[in-house]
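To start, the structure under review is shown below, and the notes come after it.
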Amino acid sequence: MAENFTELPAPSSVRVIDFEEARVVPGIVPRSFILIVSGTKPYLNMTVTLSPLVYVKQPEYWGIEVVGTLPGIGLPATAPYTVALPLDGILGTKGIEVIGAGNRKTFDVP
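Take the sequence shown: its letters are residues 3 to 112, numbered as in the numbering used here.
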């Protein structure tokens, strides 16, 4: 079943969306980091999350997608968003890559 995961149909209520700014800031605990991403969502009632990709082996740069979920009817008015994700356990050997619909940004994280 796991080998067929990538062949399953994509949901129509979830999409990778664009971001305007991404940054990695230090966490409170030493050697911890937090990814903060912001932009403009295309629907007022869209929920934006950061979704790490799944890997079998730790990559150089761990991919993290900016995902918009639309529950039901979309209210076609744009709105700003800011989301954050602690990077504990989802760092590549060199860092992370933030993946939007039309852009990507790579960060080296010590």
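Don't be surprised by glycine CBs; every beta carbon is placed ideally from N, CA and C.
Based on the DSSP secondary-structure assignment, which residues constitute the bridge partners of residue i?
{"i": "A86", "result": "I38"}
{"i": "K59", "result": "Answer by DSSP bridge pairing: none, since K59 is not bridged."}
{"i": "D110", "result": "G97"}
{"i": "P28", "result": "F35"}
{"i": "A81", "result": "K43"}
{"i": "I66", "result": "P54 and V100"}
Tell me which residues share the same chain as residue i and place their Cβ nearer than 6 Å to its Cβ, disregarding the 5 neighbours each side in the sequence.
{"i": "A81", "result": "K43 and L46"}
{"i": "F109", "result": "V26, G97 and I98"}
{"i": "A103", "result": "V18, I19 and D20"}
{"i": "I101", "result": "G65 and E67"}
{"i": "L55", "result": "G65"}
{"i": "S53", "result": "E67 and V69"}
Along the chain, where does the beta strand (DSSP E) that runs through residue i open and close?
{"i": "G1", "result": "Because the chain in this structure spans residues 3 to 112, residue 1 falls outside the shown range and cannot be described."}
{"i": "R2", "result": "This structure cannot speak to residue 2, because the chain is shown only from 3 to 112."}
{"i": "L52", "result": "T49 to P54"}
{"i": "E9", "result": "Element bounds for E9: n/a, residue is neither H nor E."}
Taking 7 Å as the limit between beta carbons, can you name the residues of its chain near residue i, skipping five residues before and five after?
{"i": "G29", "result": "F35, I36 and P88"}
Exercise. Counting Cβ pairs, one atom from each stretch, are 3 or more of them under 8 Å apart for the segment 83-101 and the segment 7-16?
Worked result: no
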